[in-house]
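Take a look at the structure below.
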Amino acid sequence: MAFRARHLLGIEHLTQEDIRTILDLADRYVELNRRTVKRTDVLAGMTQINMFFENSTRTQSSFELAGKRLGADVMNMSMQTSSVKKGETLIDTAMTLNAMHPDLLVVRHGSSGAVNLLAEKVNCAVLNAGDGKHEHPTQALLDALTIRRAKGRIGRLTVAICGDVAHSRVARSNLILLNKMENRVRLIGPPTLMPAGISEFGCEVFDDMRAGLEGADVVMMLRLQRERMDGGFIPSEREYFHRYGLDAEKLSYAKDDAIVMHPGPMNRGVEIDGEIADDINRSVIQEQVEMGVAVRMACMDLLAQNLRAERGRAATEGTYV
Ligand code: CP
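Numbering (the numbering used here), first residue to last: 2 to 322.
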């Protein structure tokens with residue numbers, strides 16, 4: 002079995018084989034999740050703590066469901082009512098929870114690199130649920146699974162990632178994954194929302210939707226991340242929708258069978274037209290949500306296997322993990 006890692010901190014550290022291992026197992030969990038009885042016991046006896054320092058609907062609820070369906074004891078830390086509000090640091094909070102012997106820690110934080118730092122301080126497996134503008138690995142994996150199921154492969158495809166690339170950890174993780182799996186990646190957006198030097202990361206950059214979407218197999222829209230902007234990046238939302246919002250006309254530049262994706266939450270009428278988002282013949286946005294639970298089950302299952310093996314080795318050597 003591939004994927005021998007202790008933590009899942011980013012796509013950067015995964016090989017093609019690791020990605021295939023996760024997606025193959027996730028496919029099996031999709032089938033389980035469609036049954037009436039959705040439970041297994043692969044995490045029975047294990048404790049999962051979810052720490053979300055930033056708001057979330059999809060990621061937090063799917064990690065919670067994933068853990069429960071795998072049989073773990075799942076605790077959601079309410080960061081709004083925690084001692085973080087009294088000034089306790091991220092590391093002190095993590096060390097405090099670590100002393101309660103969790104096995105899996107799921108962390109979302111507003112600062113890039115915060116989850117990597119935390120992972121160095123604890124004994125359990127850490128899963129990055131999104132850190133600042135850095136990475137959102139399970140989002141890229143669920144996007145890959147959605148694409149693979151819709152297109153029959155996750156390679157040799159032209160994928161257009163459109164919109165606010167500069168503030169998007171989703172774009173970064175997807176770019177890394179899609180490159181690793183040998184796809185052609187195009188980034189489309191206004192120059193103000195495109196990170197400097199991004200073309201060095203093995204992608205083509207466009208500021209015109211027509212040129213960028215030409216012949217695309219996958220059209221992945223990004224949310225305009227107002228909360229991460231500290232200035233005027235766009236003239237107005239109306240102007241932004243006119244130039245970069247996905248509507249029927251712009252979608253017609255892509256291939257006839259191109260699929261439409263969005264990680265959510267969506268700003269309808271800003272980066273995507275509501276009718277396109279709801280068009281079940283083109284949009285796979287609801288499938289992305291479904292794949293999110295299965296991918297998170299697969300990631301936690303694999304990390305738990307690695308943790309058990311590591312603890313088994315440590316017990317033989319008389320050490321402690
Ligand atoms: N895609 C995503 O991360 O959504 P949430 O912020 O709702 O978790």
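Every residue gets a Cβ at the ideal spot worked out from N, C-alpha and C, and that includes glycine.
Check, Outcome
"Any non-hydrogen atom of the ligand CP closer than 7 Å to GLN337 Cβ", "This structure does not reach residue 337, given that the chain is present from 2 up to 322, and the question cannot be answered."
"ASP135 beta carbon near the ligand CP (any heavy atom closer than 7 Å)", "Reading off the sequence, residue 135 comes out as His, not Asp. Outside the cutoff, so no."
"For ALA115, the first and last residue of its enclosing alpha helix (DSSP H)", "115-120"
"DSSP three-state assignment for LEU105, whether helix, strand or coil", "strand"
"Chain-order list of residues whose beta-carbon lies under 7 Å from that of GLU238 (same chain, five-residue window excluded)", "VAL271"
"Selected residue, minimal CA-CA separation from ALA115, among VAL123, VAL171, ILE92 and MET101", "ILE92"
"Which of helix, strand or coil DSSP assigns to ASN34", "helix"
"Proximal residues to GLY88 (C-beta, below 8 Å), its chain only, five neighbours per side dropped", "none"
"Whether ILE286 touches GLY265 by CB criterion (8 Å)", "yes"
"Per-residue DSSP class, three states only, for ASN129", "strand"
"Sequence ranges, beta strand (DSSP E) only - wholly within the region 198-271, length at least 3", "205-207, 219-222 and 260-262"
"CB of GLU288 within 8 Å of CB of THR82, strictly", "no"
"For VAL322, three-class secondary structure by DSSP", "coil"
"DSSP state of LEU91 mapped onto helix, strand, coil", "helix"
"According to DSSP, residues forming a beta bridge with GLN49", "VAL75 and LEU105"
"SER57 CB to nearest heavy atom of the ligand CP below 7 Å", "yes"
"Exposure label - ASN56; buried when at least 16 CB within 10 Å", "exposed"
"Exposure label - MET52; buried when at least 16 CB within 10 Å", "buried"
"Beta-carbon proximity of ASP132 to ARG173, cut-off 8 Å", "no"
"Euclidean distance between Cα positions of SER200 and VAL206", "6 Å"
"Residues that HIS110 bridges to, as DSSP identifies them", "ASP132"
"Contact test: GLN49 Cβ vs the ligand CP heavy atom, cutoff 7 Å", "no"
"Residue from ASN34, ASN307, ASP42 and PHE54 with nearest C-alpha to VAL85", "PHE54"
"Validate contact between the region 106-120 and the region 176-186 using beta carbons, cut 8 Å, 3 pairs", "no"
"First through last residue of the alpha helix (DSSP H) which encompasses ALA6", "No alpha helix (DSSP H) holds ALA6; DSSP gives it neither H nor E."
"ASN77 at chain D interface by Cβ criterion, 8 Å", "No chain D is present in this structure, which holds just one protein chain."
"beta-carbon THR60 near the ligand CP non-hydrogen atom, thresh 7 Å", "yes"
"Residues sharing a beta bridge with SER284, DSSP", "VAL261"
"heavy atom of the ligand CP below 7 Å from GLY131 C-beta", "yes"
"Unbroken alpha helix (DSSP H) run spanning VAL123, endpoints", "Element bounds for VAL123: n/a, residue is neither H nor E."
"One or two residues paired with ARG154 in a DSSP bridge", "DSSP, once it has assigned bridges, lists no residue as partnering ARG154."
"Nearest-angstrom Cα separation, counted from THR41 out to VAL186", "37 Å"
"First and last residue of the uninterrupted alpha helix (DSSP H) at ALA278", "275-278"
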